[in-house]
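Below is one structure, written out as structure tokens; comments come after it.
Residue numbers (this note's numbering): 242 to 433.
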């Protein structure tokens, strides 16, 4: 099992957990920092201080930067062999993993490896891109980084033979913000 601490909200830690035997099995679980401290104390009693690394300390004051460091430290903690392989850690998240593949969260989406095609498009110009969809359920992902102006995005889909195609996201106008814009489109042809 692979455990990655991705964010902390209040005193709750969000963990993305994936099965080592089935990489498609990824779940996002939330556990309180206190529950993780109790887990650590139990592991120390069972395995001793030589086999278990020290547990990261919750920062005070808890700034965004300090919480990001805590997430990194927790991820390193869970990668330690004695912690990683313990039945107690498995029990902490086993209920969600046993339920099968969970609904993909934003964190799961971000952690996926996507290879983007990078294109610079000048203001007022148009860019067209054709992508071959190989199978039903294939997902197309896009990301826009815009400067001081809004953009319009339009997706059009054609099939090699007549069929009903359901489009969940066709045309959108994006307003500029200071953050990159990301989107996702899943294609599910319906025969009938």
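We treat Cβ as the ideally placed atom computed from N, Cα and C, and that holds for glycine.
Cβ-Cβ separation, residue j to residue i (assumed contact under 8 Å), whole Å
i	j	result
residue 324	residue 362	Between residue 362 and residue 324 the Cβ distance is about 47 Å, and since that is not below 8 Å, they are no contact.
Alpha-carbon spacing of residue i relative to residue j, whole angstroms
i	j	result
residue 284	residue 258	19 Å
residue 253	residue 270	10 Å
residue 307	residue 247	13 Å
residue 245	residue 291	23 Å
residue 279	residue 321	17 Å
residue 309	residue 297	12 Å
residue 312	residue 304	12 Å
residue 287	residue 372	55 Å
residue 328	residue 276	15 Å
residue 332	residue 250	22 Å
residue 317	residue 369	43 Å
residue 364	residue 393	11 Å
residue 360	residue 367	11 Å
residue 289	residue 281	11 Å
Residue i (DSSP reduced to helix, strand or coil)
i	result
residue 249	strand
residue 329	helix
residue 256	strand
residue 360	coil
residue 393	strand
residue 304	coil
residue 312	helix
residue 287	helix
residue 280	helix
Beta-bridge pairing of residue i - partner residues as DSSP gives them
i	result
residue 295	Looking at the DSSP assignment, residue 295 forms no beta bridge with any residue, so it has no partner.
residue 270	256
residue 244	258
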